[in-house]
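S.K.: For reference, the structure I am asking about is given below.
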Amino acid sequence: GKIPADIINVIGMMAAIGPFHVFGDLIAGAGIANISLSMDGLSQAIGTTSSATNCLRGDTPIYTEKGEIPICDLVGETFRIWDGDMWYDAEAVTTGEREVAATQLTNEVRIVTSPDHLFRVIDEAGACAWKAQSDLVQGDTVLTRPEAREVREADYPTAQVLEAWTTTEREHMFDIKVDNDRHLFFAYGIAVHNSGYGARVGNYLKEIKAAIPMYKQWYRGIKMTWA
Numbered sequence: 001g002k003i004p005a006d007i008i009n010v011i012g013m014m015a016a017i018g019p020f021h022v023f024g025d026l027i028a029g030a031g032i033a034n035i036s037l038s039m040d041g042l043s044q045a046i047g048t049t050s051s052a053t054n055c056l057r058g059d060t061p062i063y064t065e066k067g068e069i070p071i072c073d074l075v076g077e078t079f080r081i082w083d084g085d086m087w088y089d090a091e092a093v094t095t096g097e098r099e100v101a102a103t104q105l106t107n108e109v110r111i112v113t114s115p116d117h118l119f120r121v122i123d124e125a126g127a128c129a130w131k132a133q134s135d136l137v138q139g140d141t142v143l144t145r146p147e148a149r150e151v152r153e154a155d156y157p158t159a160q161v162l163e164a165w166t167t168t169e170r171e172h173m174f175d176i177k178v179d180n181d182r183h184l185f186f187a188y189g190i191a192v193h194n195s196g197y198g199a200r201v202g203n204y205l206k207e208i209k210a211a212i213p214m215y216k217q218w219y220r221g222i223k224m225t226w227a
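One point on numbering: in UniProt numbering, the residue at position 67 of the sequence shown is 67, and numbering is uninterrupted.
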């Protein structure tokens, strides 16, 4: 169901003044889909979400514990993905119709994504960073999946961008949600990012409900109920 407006308003208010973390996940640019609140008292920092939505065409093979499987076939299934360090539980989601962009690599892979989909790139100094498909240029070096385990990210095999372009077409697309810190998975063997990349997917219903009595005491006069 939808998150009530009074909860969202309080989240915004507390994000400005409260000692806690706010976590969320945005799907298909439709707003906050998952919210998790935690009063751990360890930091004044606020975890933020991103408005970007990373999307992949349905036939894109995703590297899972059971092998490479098209992302459209993973929706509603239980599976685990490899993020370069460990296996993690993941969820495939539909993200609706999105603008189509394509990237051709030197390893003969042509991957179709949305223009805002993030690729893991590495520069000549060995520094790794995220770069949107729309910002990729010829010669950019993207990370690919290592065959061996316990490989430093800077030592991952790579491929170079031959061409990256955006079309006027739109297609129904999909993405992967991963509850870990890296938010990385491998599509067509390429290291890419998942939706809500500035956030964590949490056990949000349980945590919000548990936190409401505490917030009621702190913020008098503000209605905080779960509809």
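Ideal Cβ placement from N, Cα and C applies to all residues, glycine included.
Taking only runs of the beta strand (DSSP E) that begin and end inside the UniProt domain "Hint" (53–146), which ones reach a length of at least 3 residues, in chain order?
M.R.: 61–64, 67–70, 79–82, 87–105, 110–113, 118–122, 128–132, 141–143
S.K.: What residues are listed by DSSP as bridge partners for V192?
M.R.: F119, F185
S.K.: Just to confirm, are A92 and F174 a CB contact at a threshold of 7 Å?
M.R.: yes
S.K.: Within the same chain, show all residues whose beta-carbon is closer than 7 Å to that of V100, passing over the 5 residues directly before and after it, in chain order.
M.R.: Excluding sequence positions up to five before and after V100, its CB lies within less than 7 Å of the CB of V112, T167, E169, R170, E171, all in the same chain and listed in chain order.
S.K.: Beta carbon of L105, beta carbon of N54: below 7 Å?
M.R.: no
S.K.: Please state if the CB of R182 and the CB of D83 are separated by a distance shorter than 7 Å.
M.R.: yes
S.K.: So, at 7 Å on beta carbons, what are the nonlocal neighbours of P157 in its own chain, with the 5 sequence-adjacent residues on each side left out?
M.R.: T144, P146
S.K.: What are the residues that DSSP puts in a beta bridge with D175?
M.R.: V93
S.K.: By DSSP, does A148 sit in helix, in strand, or in coil?
M.R.: Here A148 sits in coil by DSSP.
S.K.: Just confirm the distance between the C-beta atoms of R110 and V142, as a whole number of angstroms; I'd bet it's less than 8 Å.
M.R.: About 13 Å separates the two Cβ atoms, so there is no contact after all.
S.K.: Around the Cβ of W87, are there at least 16 other Cβ atoms within 10 angstroms (buried) or fewer (exposed)?
M.R.: Sixteen is the threshold: since fewer than 16 other Cβ atoms of the shown chains lie within 10 Å of the Cβ of W87, the residue is exposed.
S.K.: Alpha carbon to alpha carbon, how far is L184 from L162?
M.R.: 23 Å
S.K.: For I71 and G126, what's the separation of their Cα atoms in angstroms?
M.R.: 30 Å
S.K.: DSSP has A164 in a bridge; who is on the other side?
M.R.: T103
S.K.: If you draw a straight line from the alpha carbon of D85 to that of D179, how long is it in whole angstroms?
M.R.: The alpha-carbon atoms of D85 and D179 are separated by roughly 14 Å.
S.K.: Assign T78 to one of two classes, buried (16 or more other C-beta atoms within 10 Å of its C-beta) or exposed (fewer than that).
M.R.: exposed
S.K.: Count the other CB atoms, across all protein chains shown, that sit within 10 Å of the CB of D140; report buried if there are 16 or more and exposed otherwise.
M.R.: buried
S.K.: Rounded to a whole number of angstroms, what is the C-alpha to C-alpha distance between residue 252 and G58?
M.R.: In this structure the chain extends from 1 to 227, so residue 252 is not present and cannot be described.
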